[in-house]
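There are 2 protein chains.
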Amino acid sequence: MTDNKDYEHMAGIFKALAHSTRLQVLVKLQEKEHCVCELQEIIGFDMSTISRHLNVLKNAGIIESRKVNNQVFYRLLCPCVLDTLECVIDMKTSNKE
Amino acid sequence: MTDNKDYEHMAGIFKALAHSTRLQVLVKLQEKEHCVCELQEIIGFDMSTISRHLNVLKNAGIIESRKVNNQVFYRLLCPCVLDTLECVIDMKTSNKE
DNA sequence: AGCCTACTTGGTTATTTGGCCAAATACGAT
DNA sequence: ATCGTATTTGGCCAAATAACCAAGTAGGCT
């Protein structure tokens, strides 16, 4: 819990969470797995952009992908991420503006 | 839970958490409040750097400051941030490498 | 007033991030 | 083999981040 490498690792996960588009993706994936083009339609940036965001989440170990024909479906690995979101929301309502 | 502004706000908080030095600061503040120079000694960057990190955490609503003479003490506002850390650590041990 | 300590802020620089478009890749169907 | 759809990757660019040093501010103390 105190090695500098641990801090780097934890920071890396928070970094992955630190973008509104990626949070939107995670909320979507909470419901069920989605392929890239579905997420792209919902969220609306270029597909390459969505793909890169998904890759960031995957590298952080937060989501996983499986290929079905020529589509790639992503699913949430750790529901705990969403508890984190709850925590953040509580933080907001209890302490701010 | 779905307004784009909400996502931005949540992402902002994660952004504040997304740096190893700031995580180190938070762990220190968990124990008790600290002034800038104490944190600087423990962590070891330039004091101006530490001060800026503290400001990021403060702007995100995660910590608070109070002035005592010519020192500024920072303290943790939301212990829930540390639950978040726990969550991240669990994520690490259960799903990765 | 002048000095010291604690802290913050301005300026500079190097690196990272996130967007787009275009090109490459993967795979099924014709 | 070629075509079409889905996805990833490379290149480019603008903006944000994080570090440093130096200069500014704030509050005792002599």
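Listed in order, the protein sequences are those of chains A and B. Per my numbering, the very first residue in the first sequence carries number 87; after that it's consecutive. Per my numbering, the very first residue in the second sequence carries number 87; after that it's consecutive. Built from N, CA and C at the ideal position, the CB exists for glycine as well. Bear in mind the structure is a predicted one, so any value in this text is a computation, not a measurement.
Interface flag, residue i vs chain B, CB-CB below 8 Å
i: N181/A; result: Confidence at N181/A is low in this model, with a pLDDT of 48, below 50, so the placement of that residue should be treated as unreliable; the coordinate-derived value is given next. Yes - at least one Cβ of chain B is within 8 Å of the one on N181/A.
i: E117/A; result: no
i: S151/A; result: no
i: K144/A; result: no
i: H105/A; result: yes
Interface flag, residue i vs chain A, CB-CB below 8 Å
i: N90/B; result: yes
i: H120/B; result: no
i: Q110/B; result: yes
i: Y93/B; result: yes
i: F131/B; result: no
i: K101/B; result: yes
Enclosing beta strand (DSSP E) for residue i [first to last residue]
i: K118/A; result: Note, K118/A: premise wrong, no beta strand (DSSP E); not H, not E.
i: I149/B; result: 149-154
i: L162/A; result: 157-162
Spatial distance of residue i from residue j (CA atoms)
i: F100/B; j: N156/A; result: 33 Å
i: N181/B; j: S151/B; result: Since pLDDT at N181/B reaches only 48, below the 50 mark, its modelled position is unreliable, and the value read off the structure follows with that caveat. For N181/B and S151/B, the distance between alpha carbons rounds to 37 Å.
i: K114/B; j: H95/A; result: 18 Å
i: I129/A; j: I128/B; result: 43 Å
i: F159/B; j: V167/B; result: 19 Å
i: V154/B; j: K91/B; result: 36 Å
i: K118/A; j: P165/B; result: 31 Å
i: A146/A; j: L163/A; result: 10 Å
i: H120/B; j: L112/B; result: 10 Å
i: H105/A; j: A104/B; result: 11 Å
i: E183/B; j: I148/B; result: Reliability of the predicted coordinates at E183/B is poor, the pLDDT of 37 falling under 50, and the value obtained from them is presented with this limitation in mind. Going from the Cα of E183/B to the Cα of I148/B covers about 31 Å.
i: D89/B; j: F131/A; result: 17 Å
Residue span of the alpha helix (DSSP H) that contains residue i, given as start and end
i: F131/A; result: Taken as a continuous stretch (DSSP letters only), F131/A belongs to no alpha helix (DSSP H), as it is neither H nor E.
Close beta carbons around residue i, own chain, < 8 Å, minus the five adjacent residues each side
i: R108/B; result: A102, H139, V142, L143
i: C123/B; result: M133, Q157
Spatial neighbours of residue i in its chain, beta-carbon cut-off 6 Å, leaving aside the 5 residues before and after
i: A97/A; result: none
Sequence-distant residues of the same chain with beta carbon closer than 7 Å to residue i, five excluded per side
i: L125/B; result: V111, K114, I136
i: R161/A; result: L115, E119, I149, E150
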